[in-house]
Structure formats: structure tokens, C-alpha cells
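Trainee:
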Amino acid sequence: MPVRKRSVTIAGHRTSFSVEDEFFVLLKRAADEDSRSLASLIAEIDETRPRDSNLSSALRLYVLAAALKGRLPDA
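For the sequence shown, the working numbering begins at 159 and goes up steadily by one.
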């Protein structure tokens, strides 16, 4: 389960995050399930995360919550 660094443009600036491939696949699936872009989903997660947490952790927690709620088929 290697952690990979990825970059995305949100709110007009590039930002990076590091997550395992498995989390990234499920994050993309969550965006697809909501019929939105990955960047849009990440921007929303970034805007709503506690300021004392980092984006990578917030993304993982979002995926976990979505999977536990049954929003990610085959997760």
C-alpha cells in the first residue's frame, strides 16, 4: 500500500496530498457517484475540514465515512 503524492487545482491554486492508491480509487469513485469532478469533491472536503487537520487525513476520513454509509459500492 504505497502512499503516493498527487496534485490538484482547487480554488485556483495547486495543492498536493498524499494517500494510498486504495484511498485514491475510492475517492474517485465517490466523485463519480456524486457526478462531480474529483477536484470539486476535494475542494469541498478541503473547505469543510477542521483547520488543525491536514488535507490527506481529511480525504481518508471522507472515504471511510462514505464507505461506512454504504455510498461506495464494492468498497
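In this text, a Cβ means the ideal position worked out from N, Cα and C, and glycines have one as well.
Is the distance from the Cβ of S195 to the Cβ of A188 below 8 Å?
Mentor: Taking the first residue of the sequence shown as 1, we reach residue 195 at position 37. Taking the first residue of the sequence shown as 1, we reach residue 188 at position 30. Contact flag unset, no.
Trainee: Please confirm whether V161 and S176 have their CB atoms less than 8 Å apart.
Mentor: The residue you call residue 161 lines up with position 3 of the sequence shown. The residue you call residue 176 lines up with position 18 of the sequence shown. Taking 8 Å as the Cβ cut-off, V161 and S176 qualify as a contacting pair.
Trainee: With H, G and I counted as helix, E and B as strand and the rest as coil, what does DSSP make of R162?
Mentor: As a working mapping, residue 162 is identified with position 4 in the sequence shown. R162 falls in the strand class under three-state DSSP.
Trainee: Quick check on DSSP: helix, strand or coil for R194?
Mentor: In the sequence shown, counting from the first residue as 1, residue 194 sits at position 36. Correct three-state label for R194: coil.
Trainee: Counting only runs that start and end within the region 170-219, where is the alpha helix (DSSP H) found for 4 or more residues in a row?
Mentor: Counting whole runs of 4 or more residues, the region 170-219 contains the alpha helix (DSSP H) stretches 179-191, 196-206.
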